[in-house]
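Undergrad: Sharing a structure below in structure tokens format, with a few things to ask.
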Amino acid sequence: MVDSDGSDGGHPSDRLAGRYFDAAIDLLRQVRDQEGGRITEAGRLIADTVAVGGRVFSFGAGHSSLPAQDTVYRAGGLAIMNLLSVPGVVGVDVRPATLGSALERVDGLAGAVLDTSPLEPGDALLIISLSGRNALPVEMAMNARALGIKVIGLTSVAYADATKSRHATGTYLKDHCDLVLDSRIPVGDAELTSPGIDAPFAPASTVVTSAIMQAVVATAAGALAERGIDPPLLRSGNVDGGHDWNARVMSAYADRIFYRE
Numbered sequence: 001m002v003d004s005d006g007s008d009g010g011h012p013s014d015r016l017a018g019r020y021f022d023a024a025i026d027l028l029r030q031v032r033d034q035e036g037g038r039i040t041e042a043g044r045l046i047a048d049t050v051a052v053g054g055r056v057f058s059f060g061a062g063h064s065s066l067p068a069q070d071t072v073y074r075a076g077g078l079a080i081m082n083l084l085s086v087p088g089v090v091g092v093d094v095r096p097a098t099l100g101s102a103l104e105r106v107d108g109l110a111g112a113v114l115d116t117s118p119l120e121p122g123d124a125l126l127i128i129s130l131s132g133r134n135a136l137p138v139e140m141a142m143n144a145r146a147l148g149i150k151v152i153g154l155t156s157v158a159y160a161d162a163t164k165s166r167h168a169t170g171t172y173l174k175d176h177c178d179l180v181l182d183s184r185i186p187v188g189d190a191e192l193t194s195p196g197i198d199a200p201f202a203p204a205s206t207v208v209t210s211a212i213m214q215a216v217v218a219t220a221a222g223a224l225a226e227r228g229i230d231p232p233l234l235r236s237g238n239v240d241g242g243h244d245w246n247a248r249v250m251s252a253y254a255d256r257i258f259y260r261e
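Residue numbers for the sequence shown follow full-length UniProt numbering, beginning at 1 and rising by one.
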């Protein structure tokens, strides 16, 4: 017999997959029910930016870069979503991997990145940081707003109550945004415990944060359509006509796409 969680019920480990899915689904429901209004507001902010000719970027360091990358050059997504890349902190491709974590704590790096980026006043920047406590995302938000860029922060607000900021001001990402989206991820980002395993495990932040990002982009597409603006959506290159469609969209929005060169 198979349990409702997809296991055969024979061993505790057989139920872990089902428990993980339940935990992730519960977090997604929390976000849907408690952050839905702010997600809608974020999507409309992006639509506002696109409607007046602005550009949109997303940034995240380490594993927080994964949800940022998930919206860039994505079938079914907006062609004008760009990744703000910081060498050494995007993903875990740097060696040693711990260097990426160290760079997140370097003062002044965010300012250098913004000064050499295509971002301009009136653009929008989504900054993703689970803890929101490190110098890089905090300064990225502070400096971007000082430049006249609209900042949407995607973070777990719970960290501000349970951890110490690593920025000199003692502040967090959430303190320097035009709009904050709370991922509701618990401190430590580990959903499961089990007998015989000393540490909590099974993180869900990527699942939840990626879903939030896609919900924001979907809302932006709908908000553009409501204004009579055809949203610049990409189609899969693996369906007939997809490449031709994408070429037309990219040509029309060439001045706002920065991942092709």
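C-beta: ideal position from N, C-alpha, C; glycine also.
Taking just the CA atoms, how far does Ala223 sit from residue 295?
TA: The chain is shown only over 1 to 261; residue 295 falls outside these bounds and no answer can be derived.
Undergrad: With burial defined as no fewer than 16 other Cβ atoms inside 10 Å of the residue's Cβ, what is the status of residue 263: buried or exposed?
TA: In the structure displayed, the chain extends from 1 to 261; residue 263 sits before or after that span and is not available.
Undergrad: Compute the Euclidean distance between the alpha carbons of Gly228 and Arg260, then round it to the nearest angstrom.
TA: Residue numbering aside, residue 228 sits at position 228 when the sequence shown is read from its first letter. Residue numbering aside, residue 260 sits at position 260 when the sequence shown is read from its first letter. Between Gly228 and Arg260, the C-alpha separation is close to 27 Å.
Undergrad: Label Gly53 either buried or exposed according to how many other C-beta atoms from any shown protein chain fall within 10 Å of its C-beta, with 16 as the threshold for buried.
TA: Looking up residue 53 in the sequence shown gives position 53. With fewer than 16 other Cβ atoms within 10 Å, it is exposed.
Undergrad: Between Ile128, Ala68 and Val86, which has its C-alpha nearest His176's C-alpha?
TA: For the purposes of this step, residue 176 is taken as the residue at position 176 of the sequence shown. His176 has its Cα closest to that of Ile128, out of Ile128, Ala68 and Val86.
Undergrad: Under 8 Å: do the region 79 to 87 and the region 45 to 62 share three or more Cβ pairs, one atom per stretch?
TA: Cβ pair count under 8 Å is three or more, so yes.
Undergrad: What whole-angstrom Cβ distance do Asn143 and Ala110 have, given they're in contact under 8 Å?
TA: Against the sequence shown, residue 143 aligns to sequence position 143. Against the sequence shown, residue 110 aligns to sequence position 110. Their Cβ separation, rounded to whole angstroms, is 6 Å, which keeps Asn143 and Ala110 in contact under 8 Å.
Undergrad: Count the other C-beta atoms from every protein chain shown that fall within 10 angstroms of the C-beta of Glu191, then say buried if there are 16 or more, exposed otherwise.
TA: As a first step, residue 191 is located in the sequence shown; it is residue number 191 there, counting from the start. Looking at its Cβ environment, which holds 16 or more other Cβ atoms inside 10 Å, Glu191 is buried.
Undergrad: Buried or exposed: which applies to Asp93, given that a residue is buried once 16 or more other Cβ atoms fall within 10 Å of its Cβ?
TA: Within the sequence shown, the letter at position 93 stands for residue 93. Exposed: under 16 other Cβ atoms inside 10 Å.
Undergrad: What does the Cβ neighbour count give for Val217, buried or exposed, with the cut at 16 atoms within 10 Å?
TA: Along the sequence shown, one-based indexing puts residue 217 at 217. Looking at its Cβ environment, which holds 16 or more other Cβ atoms inside 10 Å, Val217 is buried.
Undergrad: Smallest Cα separation from Val138: which of Ala42, Ala61, Ala202 and Thr206?
TA: Numbered from its first residue, the sequence shown carries residue 138 at position 138. Of the candidates Ala42, Ala61, Ala202 and Thr206, the one whose C-alpha sits nearest the C-alpha of Val138 is Ala61.
Undergrad: Taking Cβ to Cβ, would you say Ile185 is nearer than 8 Å to Ser165?
TA: The residue given as residue 185 occupies position 185 in the sequence shown. The residue given as residue 165 occupies position 165 in the sequence shown. Not in contact: Ile185 and Ser165 (Cβ atoms no closer than 8 Å).
Undergrad: Quick check: what's the CA-CA separation for Asp161 versus Ala135?
TA: Counting from one through the sequence shown, the residue named residue 161 turns up at place 161. Counting from one through the sequence shown, the residue named residue 135 turns up at place 135. Near 17 Å, if we compare the C-alpha coordinates of Ala135 and Asp161.
Undergrad: Just curious, the alpha helix (DSSP H) that Ala68 is in, first and last residue?
TA: For the purposes of this step, residue 68 is identified with residue 68 of the sequence shown, where counting begins at 1. Looking at the DSSP string, the run of the alpha helix (DSSP H) that includes Ala68 is Ser65 to Gln69.
Undergrad: Between Val249 and Gly242, what straight-line distance do the alpha-carbon atoms span, to the nearest angstrom?
TA: In the sequence shown, residue 249 corresponds to position 249, counting from 1. In the sequence shown, residue 242 corresponds to position 242, counting from 1. The alpha-carbon atoms of Val249 and Gly242 are separated by roughly 11 Å.
Undergrad: Taking the runs of the beta strand (DSSP E) that are 3 residues or longer, which of them lie wholly in the region 167 to 220?
TA: Qualifying beta strand (DSSP E) stretches, in chain order: 179 to 182, 192 to 194 and 197 to 201.
Undergrad: Could you check the C-alpha separation between Val207 and Leu130 for me, to the nearest Å?
TA: To locate residue 207, count along the sequence shown from 1; it is residue 207. To locate residue 130, count along the sequence shown from 1; it is residue 130. Cα to Cα, the separation comes out at about 12 Å.
Undergrad: Kindly give me the distance between the Cβ atoms of Gly196 and Tyr159, rounded to whole angstroms, as I take these residues to be in contact under 8 Å.
TA: On the sequence shown, position 196 is the one that residue 196 refers to. On the sequence shown, position 159 is the one that residue 159 refers to. The pair is not a contact, with the Cβ atoms about 29 Å apart (cut-off 8 Å).
Undergrad: Mind pulling the beta strand (DSSP E) runs of 3 or more residues that sit fully within the region 95 to 167?
TA: Here the runs fully enclosed are 124 to 128 and 150 to 155.
Undergrad: Here's the rule I'm using: 16 or more other beta-carbon atoms within 10 Å means buried, otherwise exposed. How should Pro87 be labelled?
TA: Reading the sequence shown from its first residue, position 87 is the one you call residue 87. Result: exposed.
Undergrad: Can you give me the start and stop residues for the alpha helix (DSSP H) that Val50 sits inside?
TA: Along the sequence shown, one-based indexing puts residue 50 at 50. Residues Leu16 to Ala51.
Undergrad: Determine the DSSP secondary structure at Val72, reduced to helix, strand or coil.
TA: As a first step, residue 72 is located in the sequence shown; it is residue number 72 there, counting from the start. Here Val72 sits in coil by DSSP.
Undergrad: Under 7 Å: does the beta carbon of Ala247 sit that close to some heavy atom of the ligand GTP?
TA: The model depicted lacks the ligand GTP and carries no ligand whatsoever.
Undergrad: Thinking C-alpha only, which one of Pro203, Met140 and Ser194 is nearest residue 263?
TA: Here the chain has residues from 1 to 261 only, and residue 263 is not among them.
Undergrad: Do you know whose CA, among Ala204, Ser251 and Leu103, lies nearest Phe21's CA?
TA: The residue labelled residue 21 in the question sits at position 21 within the sequence shown. Selected option, being the one with the closest Cα: Ala204.
Undergrad: If I measure Cβ to Cβ from Met1 and keep anything under 6 Å in the same chain, skipping five residues before and after, which residues do I get?
TA: Translated into positions along the sequence shown, residue 1 becomes position 1. Because the pLDDT of Met1 is 27, which lies under 50, any placement of that residue in the model is unreliable, and the number read from its coordinates should be weighed accordingly. Taken in chain order, the list of residues that qualify is empty.
Undergrad: Given a threshold of 16 other Cβ atoms within 10 Å of its Cβ, counted over all protein chains shown, does Asn246 qualify as buried or as exposed?
TA: Locating residue 246 in the sequence shown gives position 246, counting from the first residue. Looking at its Cβ environment, which holds 16 or more other Cβ atoms inside 10 Å, Asn246 is buried.
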